[in-house]
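These protein sequence lines map, in sequence, to chains A, B, C and D. At the far end of the first sequence sits residue 394, using the working numbering, and the numbering has no gaps. At the far end of the second sequence sits residue 394, using the working numbering, and the numbering has no gaps. At the far end of the third sequence sits residue 351, using the working numbering, and the numbering has no gaps. At the far end of the fourth sequence sits residue 351, using the working numbering, and the numbering has no gaps. Cβ atoms here follow ideal geometry from the backbone N, Cα and C, with glycine treated the same way.
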Amino acid sequence: MDLTFSEADEQFRADFRSWLDANLPEQWRERGFWRRQDPDQAFEMRRTWEADKARAGFAGIQWPKEFGGRGGTPSMRAIYDEEMVRYRAPMTVNSLGLTFLAPTVMVIGTDEQKRDIIKPLLHNEVIWCQGFSEPNAGSDLAALQLRAESDGDHYVLNGQKIWTSNALHADKMFGLVRTSQEPKRHRGITMLLIDLKNPDGSYVDGVEVRPLKQMSGALDFGEVFFTDVRVPKANIIGQEGAGWDVAMLLLSFERGSSALPQYAAFRREVDDIIELAGSLGRQDDPNLRQKVSKSIVELECLRYHSLHLLTQVEQGKELGAASSMTKLQWSETHQDIGELFADVAGLYHQVPDDGVDVGDLQASFLWSRSETIWGGSSQVQRNIVAELVLGLPR
Amino acid sequence: MDLTFSEADEQFRADFRSWLDANLPEQWRERGFWRRQDPDQAFEMRRTWEADKARAGFAGIQWPKEFGGRGGTPSMRAIYDEEMVRYRAPMTVNSLGLTFLAPTVMVIGTDEQKRDIIKPLLHNEVIWCQGFSEPNAGSDLAALQLRAESDGDHYVLNGQKIWTSNALHADKMFGLVRTSQEPKRHRGITMLLIDLKNPDGSYVDGVEVRPLKQMSGALDFGEVFFTDVRVPKANIIGQEGAGWDVAMLLLSFERGSSALPQYAAFRREVDDIIELAGSLGRQDDPNLRQKVSKSIVELECLRYHSLHLLTQVEQGKELGAASSMTKLQWSETHQDIGELFADVAGLYHQVPDDGVDVGDLQASFLWSRSETIWGGSSQVQRNIVAELVLGLPR
Amino acid sequence: MYFALTDEQRALQATVREFLADRFPLTSVRALYDDPDNDGDPSELWKAVGEQGWLAVTIDEQYDGLGLGLLDAAVLARCWGEGCAPGPFLPTLVAAEAIRLGGSPDQKKSWLPRIAAGEVKLTLAATGRVNASNDTLSGTAHFVEYAHVADRIVVAADGGTLWLVDPAAGGVTVTRQDALDRSTRFATVTFDKAAGEQLSGQVLPDVADRAAVLYANDLAGIARIALSRTVDYDKTREQFGKPIGSFQALKHALADLHVATTMAEHSGWYAAHALDAHLPDAALSVSVAKAKCSDTARDVTAAMIQFHGGIGYTWEHDAHLFFKRAKREEYQYGDGTFHRERIARLAVDGR
Amino acid sequence: MYFALTDEQRALQATVREFLADRFPLTSVRALYDDPDNDGDPSELWKAVGEQGWLAVTIDEQYDGLGLGLLDAAVLARCWGEGCAPGPFLPTLVAAEAIRLGGSPDQKKSWLPRIAAGEVKLTLAATGRVNASNDTLSGTAHFVEYAHVADRIVVAADGGTLWLVDPAAGGVTVTRQDALDRSTRFATVTFDKAAGEQLSGQVLPDVADRAAVLYANDLAGIARIALSRTVDYDKTREQFGKPIGSFQALKHALADLHVATTMAEHSGWYAAHALDAHLPDAALSVSVAKAKCSDTARDVTAAMIQFHGGIGYTWEHDAHLFFKRAKREEYQYGDGTFHRERIARLAVDGR
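#1: What separation, rounded to the nearest whole angstrom, lies between the Cα atoms of Leu121 (chain B) and Glu82 (chain C)?
#2: Would DSSP call Gln177 (chain D) helix, strand or coil?
#3: What's the C-alpha gap between Lys327 (chain D) and Val385 (chain B)?
#4: Closer than 7 Å, Cβ to any Cβ of chain C: which residues of the region 245 to 263 of chain D, in chain order?
#5: Within 10 Å of its beta-carbon, does His308 (chain B) have 16 or more other beta-carbons around it, so buried, or fewer, so exposed?
#6: Taking just the CA atoms, how far does Lys327 (chain A) sit from Glu378 (chain A)?
#7: I'd like the span of the alpha helix (DSSP H) that includes Met106 (chain A), first residue to last.
#8: Count the other CB atoms, across all protein chains shown, that sit within 10 Å of the CB of Asp349 (chain C); report buried if there are 16 or more and exposed otherwise.
#9: Could you tell me which of C:Asp166, C:His339 and C:Pro113 sits nearest to Asp209 (chain C), measuring between CA atoms?
#10: Quick check on DSSP: helix, strand or coil for His169 (chain B)?
#11: 7 Å is my cut-off, CB to CB: does Asp354 (chain A) come that close to chain C?
#12: Taking a contact to mean a Cβ-Cβ separation below 7 Å, would you say Val94 (chain D) touches Leu124 (chain D) in this structure?
#13: As a quick exercise: from D:Gly241, D:Gly245 and D:Ala223, pick the residue whose alpha carbon is nearest that of Tyr233 (chain D).
#14: Report the partner residues of Ser133 (chain D) according to the DSSP bridge assignment.
#15: Mind listing the chain C neighbours of Arg77 (chain B)? Cutoff is C-beta to C-beta under 8 Å, in chain order.
#16: Check the Cβ of Glu316 (chain C) against every Cβ in chain A and list those closer than 9 Å, keeping chain order.
#17: Rank D:Gly102, D:Asp22, D:Phe186 and D:Phe19 by C-alpha distance to the C-alpha of Asp37 (chain D) and give the top, closest one.
#18: Who are the Cβ neighbours of Pro243 (chain D) in its own chain at under 8 Å, not counting the five residues just before and after it?
#19: With a floor of 4 residues, list each alpha helix (DSSP H) that falls wholly inside the region 222 to 291 of chain C, ordered by position along the chain.
#20: Say whether the region 272 to 290 of chain B touches the region 215 to 233 of chain B, bearing in mind that this needs 3 or more beta-carbon pairs closer than 8 Å, one atom from each stretch.
#21: Run through chain B and tell me which residues come within less than 9 Å of Thr230 (chain D), C-beta to C-beta.
#22: Would you verify that the beta carbon of Trp244 (chain B) is, or is not, closer than 7 Å to some beta carbon of chain D?
#23: Measuring CB to CB, does Glu208 (chain B) end up less than 7 Å from Ile162 (chain B)?
#24: Between Ile189 (chain A) and Gly243 (chain A), is the Cβ-Cβ spacing less than 7 Å?
#25: Which residues share a DSSP beta bridge with Arg210 (chain B)?
#26: What does Gln130 (chain A) touch in chain C if you count any residue whose Cβ is under 9 Å from its own?
#27: Using the beta-carbon of each residue, which ones in chain D are nearer than 8 Å to Asp272 (chain A)?
#28: Tell me which residues share the same chain as Tyr270 (chain D) and place their Cβ nearer than 6 Å to its Cβ, disregarding the 5 neighbours each side in the sequence.
#29: Are Thr161 (chain C) and Ala179 (chain C) closer than 7 Å when you measure CB to CB?
#30: Short check: CB of Leu101 (chain A) to CB of Phe174 (chain A), under 7 Å?
#31: Name the chain C residues that come within less than 8 Å of Arg382 (chain B), Cβ to Cβ?
#32: Please name the residues in the region 148 to 160 of chain A whose beta-carbon is closer than 8 Å to at least one beta-carbon of chain B, in chain order.
#33: Reducing DSSP to helix, strand and coil, say where Tyr263 (chain B) ends up.
#34: Can you tell me whether Val154 (chain D) is buried or exposed? The criterion is at least 16 other CB atoms within 10 Å of its CB, across all chains shown.
#35: Leaving out five residues before and five after Ala259 (chain B) in sequence, what residues of the same chain have Cβ atoms less than 6 Å from its Cβ?
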């Protein structure tokens with residue numbers, strides 16, 4: 001055991017902190033700041049700031065330098081994540097592109113795709129969304145139906161995607177489409193890059209994006225409808241009909257990422273809840289104290305687990321289905337933290353600011369209800385752990 | 001709503017209490033009394049006392065008078081159960097016979113069976129055990145294999161039963177045997193009355209009974225082995241090959257019984273735990289208080305549920321799968337009470353008497369682990385509730 | 001021995017259910033969600049409450065009431081929960097209990113008949129710190145339901161005294177709060193030497209118990225409808241070529257929730273009856289009911305979201321209406337922890 | 001950044017596992033169950049402990065130890081849990097820590113080399129009330145493991161002082177208790193003006209922390225083996241024509257237990273390392289580990305019984321060996337509730 005970082009890693013931390021000290025407006029770090037901004041304006045502020053950060057070398061931490069990355073270590077990536085949360089820096093606006101699309105293109109993209117996609121993505125010149133889920137293909141992704149009919153060197157798209165994060169701001173989508181009907185549903189799926197907007201910012205003909213309001217009232221998701229939308233076949237990632245394998249490769253890149261950012265963010269939420277308990281005079285309530293500590297126990301375990309995974313990655317080991325365990329641990333724990341917030345706040349959890357500002361905690365409480373559904377529901381994750389890790393029969 | 005009992009019911013209560021006051025030795029009601037007796041001797045004491053009780057008219061409370069019963073109301077039965085627990089009177093030694101066999105014989109038995117079985121059972125002249133489970137037929141009862149081959153007007157039995165309560169004291173068994181191999185496993189099963197002992201108390205040739213020690217060290221169960229045991233075909237209950245339906249009828253008699261006895265017994269356990277907390281100076285521990293109250297909440301709900309079922313029975317309504325809900329509620333709650341006991345006792349839960357007598361609570365704690373398994377495991381009960389009550393698809 | 005609703009109570013239940021389904025379905029509730037600026041008190045619903053005599057159930061016949069019991073009121077509250085129904089109905093019922101139990105004959109005469117007829121709206125302010133001296137009140141009450149439309153607020157002051165206050169009077173400020181659950185409206189009410197008229201009886205504990213039972217029944221209604229709708233959805237929603245309700249992990253979770261909901265329902269009826277019949281375990285049963293119904297409604301509505309998958313957390317789906325109402329009512333008149341501590345006082349301390 | 005065992009630690013783990021599987025399998029543990037009158041301290045096992053130097057791991061080299069850390073001792077403790085291994089090994093390790101940390105040079109010199117060589121057996125008595133005055137002890141200690149075979153008992157007296165007491169000396173009475181878990185032996189020890197030799201250092205909190213970590217790792221070992229054996233059984237046991245491990249409700253429960261067990265395992269290693277490396281969150285991590293491992297081992301061993309069906313609650317099956325040991329160790333050196341309150345002191349009160 002050795003939980004210290006190398007000198008180079010710690011130097012990176014110092015450099016990044018200097019940059020954040022100089023470049024992250026003090027105001028942005030205040031509780032509730034982002035909640036009070038107009039969403040579209042907030043998006044633009046974050047888009048620009050993140051591009052500056054990328055130009056300063058603090059993006060694509062682990063990516064090779066040839067792709068505009070920093071060529072850093074997994075530990076640097078962990079340090080980066082930790083400091084971002086510690087500074088309350090705004091989260092990326094291009095999350096799905098950064099996490100999934102770029103690493104996939106690095107591995108199986110054509111040279112043109114590598115050139116055209118990665119750097120513009122890193123600099124937020126193009127915002128990407130992911131088009132996987134459909135109304136009848138949620139947990140059962142292979143049931144997807146968005147039809148792509150061949151027409152010369154183009155496909156013609158008809159159908160719908162749903163639960164598309166970032167749909168309202170995305171310029172392009174990497175999506176799974178059905179290019180042929182086959183008895184084996186997993187065949188006949190193709191991964192395609194689809195322009196949603198024209199260069200002037202207007203939507204491409206036949207593309208319609210509708211916001212999908214969440215139970216919190218926020219608009220982080222959308223539905224995307226396609227009517228006779230033409231997409232060049234050159235926009236395939238991988239091969240026609242190989243979309244399922246491409247998607248599995250793509251989703252595997254989640255596995256490399258530890259849950260240290262979630263740990264840091266949720267641990268701070270618990271601190272905010274402790275502060276709230278103090279302001280309500282409830283910090284000595286023995287039952288609340290037990291619940292606070294239950295959450296801390298699970299979060300600390302999440303941190304140990306992440307350090308373990310980080311070690312595995314640095315040792316070049318395959319993580320297999322470990323990401324399912326990580327997801328279960330952080331998403332279920334975060335829901336418990338939401339319940340803890342409500343128990344501490346009592347009826348104050350219902351009103352964002354009645355003398356006690358609980359707006360951020362309230363938003364997080366509601367959002368946590370979605371975290372056990374998207375990105376593979378807890379039920380799906382438990383199936384994976386049972387079958388792939390424990391080897392229980394289907 | 002009217003939760004009072006009728007005058008006749010209350011008169012019955014008064015009569016029964018008088019009888020108990022006069023006939024239940026004071027010593028028997030002391031905590032730990034039965035634990036300190038030799039098990040075989042204790043069995044005989046209870047057998048005799050129970051027979052006296054039956055002769056006094058306090059048995060078969062709801063059974064018709066023609067069968068030696070009292071011809072009472074469902075409320076009387078509930079009152080009887082309640083008072084038995086309140087007085088810490090010893091439980092019946094012929095439980096499976098009383099609950100299951102006798103009511104079944106009343107409905108589908110031959111006149112001879114009615115005459116030969118019911119009254120001797122009620123007076124503990126014959127002790128019955130139930131032979132259903134086998135090593136490879138637990139939750140999946142229809143997989144049973146105990147072979148009964150036809151030989152003239154007899155069957156010849158070869159095979160094994162397991163988890164047989166009362167096996168060590170039983171004179172006879174009502175058991176399910178396989179009288180033919182058929183593609184539909186539920187066919188080919190027959191319900192048979194099997195003599196385990198000869199009139200002189202020795203075992204019938206070919207019958208071997210082995211005790212099955214539980215994790216508590218107690219011997220409440222046994223295994224019964226049959227080697228070429230001859231049983232007359234006249235001992236069939238119902239028809240040959242109709243054993244599955246007979247078993248379903250038989251098990252349905254559990255439904256009529258409310259969980260008021262469990263309520264009363266477990267509620268007293270909670271009181272014993274509260275007393276234990278007091279003697280350990282832990283009665284003000286806020287976390288223990290929450291756990292105590294959680295158990296009380298579930299027990300009170302069990303009581304309300306039982307009163308509701310009692311009403312349904314008195315109204316002549318079908319209870320359907322309500323017994324599965326009742327079983328889940330009492331067995332899962334009793335396990336929580338076991339955990340509560342351990343949490344209150346701390347390490348004292350490990351030793352029966354280190355200045356603090358916890359022997360009965362310890363035994364109950366261990367026994368509660370079996371209660372979610374026998375008589376239909378919690379998993380089986382949840383399947384029943386999901387499919388038969390909620391109508392969820394198989 | 002009869003543990004069930006009477007035929008009359010079942011008929012009342014059927015009437016209210018039918019009325020709400022027909023005249024004030026969830027689409028109407030949704031309208032209140034989509035427009036947080038409205039007053040949350042649909043006039044057509046209030047009008048019906050008055051016409052149907054639903055506020056008259058617990059009021060004595062001499063004050064133009066029906067002279068029924070809390071169990072009858074609980075039947076109404078449960079329907080209200082099933083329908084996520086808005087408006088000052090429950091708050092008025094609770095405040096009316098304060099006047100009925102603790103008011104002087106004059107106070108009863110001047111308020112109870114008008115309440116029974118649905119002519120006035122009331123509410124109870126029992127959360128916060130309000131001090132009474134010389135018949136004036138000062139302080140702040142939080143989470144007062146429908147204070148902005150109330151004709152009178154029954155205010156609990158330090159020491160447990162109860163006061164009738166006109167929110168339109170001087171010294172009273174009503175500030176509306178936008179609550180997560182928009183099937184109610186909360187306000188913070190400040191009193192600055194506001195005039196109050198005291199109710200003579202020391203009935204706050206009684207009123208709080210009765211309120212706890214009514215909200216417990218509202219929660220039991222939420223739990224049942226949330227469970228039924230989830231079961232129905234999971235019977236038809238297909239993934240991997242079969243209904244998701246055929247997956248055993250879901251089945252078992254739903255079975256456990258059905259057992260819990262059934263127990264919650266029993267506890268709601270029992271507690272109402274126990275207060276009506278002055279059973280010796282009435283206090284215990286109130287806390288059992290509020291604890292069980294609070295926890296169960298929370299668990300079932302959370303499961304409703306989870307077991308609907310993606311659509312479950314959208315604004316368009318009804319799940320959040322139930323989830324947010326259950327979460328709000330969980331903390332009204334004592335949450336599970338509060339009532340379990342009270343049970344411990346009864347069962348452990350024997351007081 | 002390296003969060004894993006070293007190759008040396010893994011080799012140690014393999015050696016101990018192999019030894020126990022080979023020379024002291026569960027059938028040997030069962031012999032102690034079937035005969036409650038034996039002393040619970042199999043001599044062949046203790047002999048191996050001495051020969052293999054397993055008691056020497058934390059003892060400094062100058063006292064003939066190996067000078068390794070608590071993490072290495074935790075590796076041993078975890079193997080001990082996996083094997084339900086009996087004997088005074090863990091109690092001696094814990095008592096040795098008291099002497100190592102709090103003893104005078106003379107005390108260390110006279111005890112540590114003999115401990116390292118497996119020549120003496122020790123135990124810690126830290127539960128009960130014992131009063132020290134004029135170098136004599138009076139009072140009662142409960143749940144003292146292996147007091148009946150110990151050469152010395154390290155006794156914690158009021159005020160947290162620690163004393164070396166010879167159980168054979170006058171004024172000491174050792175009364176054995178038959179515990180549910182027969183992979184240990186408990187005794188009640190009374191002291192009546194018994195002679196004691198004080199350890200100079202105020203190290204009880206440190207010793208208790210280190211004991212908590214060792215028992216947490218024992219519990220993590222129990223949890224893992226109980227889970228693996230349940231999974232293996234459920235892969236082959238058939239009901240309704242298929243392995244019961246293919247039923248989704250079981251799969252999901254086992255998946256959750258696997259996640260919990262994995263977290264418990266991490267927490268056990270982390271806390272041991274945190275004490276070795278004096279990390280700033282060492283105290284927090286000790287309580288995280290003991291709370292998580294206690295709860296997880298309890299849950300997994302209960303599930304082991306349930307998911308084995310009928311045979312799971314028989315004496316013949318091994319499930320109860322794990323269940324009873326997990327239940328015993330849950331309450332040694334603080335249960336989940338105790339450690340969560342301590343976490344609250346650190347995280348809420350900041351002290």
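This is what the structure holds:
#1: What you label residue 121 (chain B) is simply residue 121 of the second sequence in a count that begins at 1. What you label residue 82 (chain C) is simply residue 82 of the third sequence in a count that begins at 1. Spanning the two alpha carbons is a distance of roughly 50 Å.
#2: For this step, residue 177 (chain D) is matched to residue 177 along the fourth sequence. It is a strand residue.
#3: What you label residue 327 (chain D) is simply residue 327 of the fourth sequence in a count that begins at 1. What you label residue 385 (chain B) is simply residue 385 of the second sequence in a count that begins at 1. When rounded, the distance between both Cα atoms is 32 Å.
#4: Identification of residues in the region 245 to 263 of chain D having a C-beta nearer than 7 Å to some C-beta of chain C yields Phe247, Gln248, Ala249 and His252, given in sequence order.
#5: Residue mapping note: residue 308 (chain B) aligns to position 308 of the second sequence, counting from 1. Of the other Cβ atoms in all chains shown, 16 or more fall within 10 Å of the Cβ of His308 (chain B); this residue is therefore buried.
#6: Taking the first residue of the first sequence as position 1, residue 378 (chain A) is located at position 378. Taking the first residue of the first sequence as position 1, residue 327 (chain A) is located at position 327. Note on residue identity: the sequence assigns Ser, not Glu, to residue 378 (chain A). Approximately 8 Å between the Cα atoms of the pair.
#7: Taking the first residue of the first sequence as position 1, residue 106 (chain A) is located at position 106. Counted as a single uninterrupted DSSP element, the alpha helix (DSSP H) harbouring Met106 (chain A) occupies residues Ala102 to Ile108.
#8: Here the question's residue 349 (chain C) lines up with position 349 in the third sequence. With fewer than 16 other beta carbons inside 10 angstroms of its own, Asp349 (chain C) counts as exposed.
#9: As a first step, residue 209 (chain C) must be located in the third sequence, where it is residue number 209. Nearest Cα to Asp209 (chain C) within the set C:Asp166, C:His339 and C:Pro113: C:His339.
#10: In the second sequence, the residue the question calls residue 169 (chain B) occupies position 169. Of the three classes helix, strand and coil, the one that applies to His169 (chain B) here is coil, per DSSP.
#11: Numbered from its first residue, the first sequence carries residue 354 (chain A) at position 354. Nearest CB-CB separation between Asp354 (chain A) and chain C: below the 7 Å threshold.
#12: Sequence index remark: in the fourth sequence, residue 94 (chain D) carries index 94 (1-based). Sequence index remark: in the fourth sequence, residue 124 (chain D) carries index 124 (1-based). With contacts defined as CB atoms closer than 7 Å, Val94 (chain D) and Leu124 (chain D) qualify as a contacting pair.
#13: Numbered from its first residue, the fourth sequence carries residue 233 (chain D) at position 233. The shortest C-alpha separation from Tyr233 (chain D) is found at D:Gly245.
#14: What you label residue 133 (chain D) is simply residue 133 of the fourth sequence in a count that begins at 1. Paired residues: D:Thr136.
#15: Here residue 77 (chain B) is taken as the residue at index 77 of the second sequence, counted from 1. Result: empty, since nearest Cβ-Cβ is about 11 Å, beyond 8 Å.
#16: Counted from its first residue, the third sequence places residue 316 (chain C) at position 316. Chain-ordered, the chain A residues with CB closer than 9 Å to the CB of Glu316 (chain C) read Leu212 and Lys213.
#17: As a first step, residue 37 (chain D) must be located in the fourth sequence, where it is residue number 37. When each option's Cα is compared against that of Asp37 (chain D), the closest is D:Phe186.
#18: Start at 1 with the first residue of the fourth sequence, and residue 243 (chain D) comes out as number 243. Taken in chain order, the residues that qualify are Asp234, Lys235, Thr236 and Arg237.
#19: Taken in chain order, the unbroken stretches of alpha helix (DSSP H) that lie wholly in the region 222 to 291 of chain C and span 4 residues or more are 248 to 276.
#20: Not touching, per the Cβ criterion.
#21: Your numbering for residue 230 (chain D) matches position 230 in the fourth sequence. Ordered by position in chain B, no residue passes the 9 Å Cβ test against Thr230 (chain D), which lies about 14 Å from the chain.
#22: Position 244 of the second sequence, counted from the first residue, corresponds to residue 244 (chain B). Judged by the 7 Å Cβ criterion, Trp244 (chain B) is not in contact with chain D.
#23: For the purposes of this step, residue 208 (chain B) is taken as residue 208 along the second sequence, with counting starting at 1. For the purposes of this step, residue 162 (chain B) is taken as residue 162 along the second sequence, with counting starting at 1. Their beta carbons are not under 7 Å apart, which means Glu208 (chain B) does not touch Ile162 (chain B) by this criterion.
#24: Walking along the first sequence from the start, residue 189 (chain A) turns up at place 189. Walking along the first sequence from the start, residue 243 (chain A) turns up at place 243. A contact, by the Cβ cut-off of 7 Å.
#25: Position 210 of the second sequence, counting from 1, holds the residue named residue 210 (chain B). Looking at the DSSP assignment, Arg210 (chain B) forms a beta bridge with B:Glu223.
#26: Residue 130 (chain A) sits at position 130 when you count from the first residue of the first sequence. Residues of chain C passing the Cβ test: none, with the nearest at roughly 14 Å.
#27: One-based indexing of the first sequence puts residue 272 (chain A) at position 272. The premise fails here: Asp272 (chain A) is roughly 12 Å from chain D at the closest Cβ pair, so nothing lies under 8 Å.
#28: As a first step, residue 270 (chain D) must be located in the fourth sequence, where it is residue number 270. Excluding sequence neighbours, Tyr270 (chain D) sits near Ser285.
#29: Locating residue 161 (chain C) in the third sequence gives position 161, counting from the first residue. Locating residue 179 (chain C) in the third sequence gives position 179, counting from the first residue. Their beta carbons are not under 7 Å apart, which means Thr161 (chain C) does not touch Ala179 (chain C) by this criterion.
#30: Position 101 of the first sequence holds residue 101 (chain A). Position 174 of the first sequence holds residue 174 (chain A). Judged by beta-carbon spacing, Phe174 (chain A) lies within the 7 Å limit of Leu101 (chain A), meaning their Cβ atoms are closer than that value.
#31: As a first step, residue 382 (chain B) must be located in the second sequence, where it is residue number 382. In chain order: Lys251, His252, Ala255 and Asp256.
#32: Within the region 148 to 160 of chain A, no residue has a Cβ that lies closer than 8 Å to any Cβ of chain B.
#33: If you number the second sequence from 1, residue 263 (chain B) lands on position 263. DSSP, reduced to helix, strand and coil, places Tyr263 (chain B) within a helical segment of the structure shown.
#34: One-based indexing of the fourth sequence puts residue 154 (chain D) at position 154. Per the 10 Å Cβ criterion, buried.
#35: Residue numbering aside, residue 259 (chain B) sits at position 259 when the second sequence is read from its first letter. Excluding residues up to 5 positions away in sequence, Leu302, Ser306, Thr326 and Trp330 lie with their Cβ nearer than 6 Å to the Cβ of Ala259 (chain B) in the same chain.
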